[in-house]
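If you count by my numbering, then the sequence shown holds residues 579 to 1096, one letter each, in order.
Here a beta-carbon is modelled for each residue, glycine too, at the ideal position from N, C-alpha and C.
This report refers to the structure that appears directly beneath it.
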Amino acid sequence: MTEQLPQPAAIRTRDFAARRHANRLRRYGAGLMAGVALALPLAAVGGTVIAPVPANAASLPESFAPLAEKVMPAVVNISTTQEVQQPSGPEQMLPFDLPENSPFRRFFEPFMQGQQPTHPQVVNALGSGFIIDPSGYVVTNNHVIDGATEIKVTLEDKSQYTAKLVGRDPLTDLALLKIEAGHDLPAVQFGDSDAARVGDWVLAVGNPFGLGGTVTAGIVSARNRDINAGPYDDFLQIDAAINRGNSGGPVFDESGKVIGINTAIYSPNGGSVGIGFSIPANIATKVVAQLKESGSISRGWLGVEIQPLTPEIAEALGMDKPEGALVARVLPGSPAGDAGLERGDVVVQIDGQPVKDARDLTRKVGDLQPGDRVGLAVKRQGDEKEIRIRLGERPQDLAANQQGDHADPGAGVAVDALGVRLAPIDDGLRQRLGIDDSVKGVAVVDMLPPKGDDKRPHAGPGPELRPGDVIEQVAGTAVDRPSQVTALIDEARARKRDHILLLVARGNESRFVAVEIK
């Protein structure tokens, strides 16, 4: 799709305003910061005395020009050609939409019958990348080149080359290309993204909207961002302006090393709002090295489904802090299953390194190779155990979890503590709710209306339980009758517990949920 570019007058206006603003900052910035530093008293926060930042440490750089001149020759524009299958049918050729039951449809269909396309539609896309080796290796985003039949790389001097795809990794959205220039090319190096601090200056270079080499400056706004893009999310957030076409472009630190690769923006309006996300260099370095060596990625794999450990679940398990990764399911025949890992275990360490949360465990295991032996420290019913596991290889495509159908309201035993009606699973209920034969437990068949000051959403599907769910375990005990559920809840109340831990099957996924039982 062709981007609508701003008018030249608007560009000039913005450039003039930017220069005027920059001059004002350079003229008054250091003095103002010095004045603030002198005027502010020492601040005490929570008993800790915080000294003001020295004025020279907070002042703006004199200019980014030397850094930009140094790195821009290694930043490239990437254009791709893709073949997209044009949808068939006469209605696809109409310049407007017609409802399926429109009486006018019959007038247009005969006219359009002979005009259906017979060839795939060719489309072009633009992105960015950077050269990491003088021999011509180029790093970019996987989504920039995904599905491309031809990839062109254009350098700063306007020389253009056809690129070969060396390998790609959709899970981290990285790809490695190779161009043959016949001579050494300007290249940049990866830096240490772990050393980047929130507030550090960064420079982003790329090809926004196909305009060509563009430099924007900003700071590291946050670290370790999870934007639900994939299982290995660990993005740097930056406020340097990046837009469509910046994908795959580098983020430089002040020394000129690449500490991130731009891959996504938060944009309610389609343009930059100062929230961009970059793949950290320390992740990219490992992925690119594997792609360069073998053209593909292999990762360690436990064979478990894990979920975050919420404060409520931690309390229900008798843990002091919600730190670790909760095992919701162990896949049959997996390395974890063979080693004795069980659902309900909380993984708190891997090879002596603490596991902060579920994402942390996923990344740590993914950094290892199939065949590696690791030691897991797990908490199981109050005890800590050490489990040795030989990692398998992560399958390329793990099946997506699917939601089960909701149940129709029906008869069942009311369990006020959970706000639901429960029923034992028979063949008829299993068929009606679409419950897999391998799932055992008690089915949620209806929600109870709220009582008194109870604010939980019992009147309809909520985040904890919903019709169609199957409660497989209550407080670590397997159940198949509603009476067992109520007895275990009474037992938890007697032990002064505010929450009870349930193992709930929904569709083909099992999850632990901590439900309040006050």
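Collapsing the DSSP output to three states places H721 in a helix. Straight-line spacing of the CA atoms in R822 and A914 works out to 42 Å.
Non-local C-beta neighbours of D762 in its own chain, meaning closer than 8 Å and more than five positions away in sequence, comprise P712 and S713, ordered along the chain.
Sequence-distant Cβ neighbours of Q947 in its own chain, meaning closer than 7 Å and more than five residues away, are S876 and G878. The continuous alpha helix (DSSP H) containing L1066 extends over residues P1060 to A1072. Annotated three-state conformation of G1006 is helix, per DSSP. Under the Cβ criterion (8 Å, minimum of three pairs), the region 916-930 counts as touching the region 959-975. Setting aside the 5 residues that flank it on each side, N719 is surrounded in the same chain by D751, S825, G826 and T841, each with a C-beta closer than 6 Å to its C-beta; the list follows chain order. Assignment of beta strand (DSSP E) within the region 913-969, counting only whole runs of 3 or more residues, yields 924-928, 951-958 and 961-968 in chain order. By the CB criterion at 9 Å, R1044 and R1084 fall inside the cutoff. In this structure, the CA atom of S872 is about 54 Å from the CA atom of L1066. Looking at S657, S850 and F855, the one whose alpha-carbon comes closest to that of P828 is F855.
The region 851-871 and the region 1050-1060 do not touch, with fewer than three beta-carbon pairs separated by less than 8 Å. Looking at V1093, D811 and I805, the one whose alpha-carbon comes closest to that of R1071 is V1093. Segment contact: the region 784-804 against the region 737-754, fewer than three CB-CB distances shorter than 8 Å; contact not assigned.
V905 and L1007 have their alpha carbons spaced roughly 28 Å apart.
For P786, the secondary structure class from DSSP, reduced to helix, strand or coil, is helix. Under the DSSP assignment, V866 falls in the alpha helix (DSSP H) whose first and last residues are A859 to S872. Here G769 really is in contact with I837; their C-beta atoms are around 5 Å apart, less than 8 Å. By the CB criterion at 9 Å, M1025 and V1052 fall outside the cutoff. Between A652 and S706, the alpha-carbon positions lie close to 11 Å from each other. Contact between G902 and V882 is absent: CB atoms are separated by about 13 Å, not below the 8 Å threshold. In this structure, DSSP gives E1042 a state outside helix and strand, which the three-state scheme calls coil. If you draw a straight line from the Cα of S874 to the Cα of G1046, it is about 40 Å long. Under DSSP, the beta-bridge partners assigned to E971 are G878. Contact fails between the region 949-965 and the region 885-892, because fewer than three Cβ pairs, one in each stretch, are under 8 Å apart. Between V798 and K756, the gap from beta carbon to beta carbon reaches 9 Å or more.
According to DSSP, P651 shares a beta bridge with no other residue. Around the beta-carbon of R907, 16 or more other beta-carbon atoms lie within 10 Å, marking it buried.
Out of S641, D945, A936 and R801, the CA that lies nearest to the CA of I884 is found in A936.
Annotation: H1077 to S912 spans about 31 Å, alpha carbon to alpha carbon. Within the region 755-801, complete beta strand (DSSP E) segments of at least 3 residues are found at 779-784, given in chain order. In this structure, the beta-carbon distance from K899 to D923 does not fall below 9 Å. In this structure V1048 is in contact with G1019, their Cβ atoms being roughly 4 Å apart against a cut-off of 8 Å. Boundaries cannot be given for E640, as no beta strand (DSSP E) includes it and DSSP labels it neither H nor E. When only Cα atoms are considered, A818 and D811 end up about 20 Å apart.
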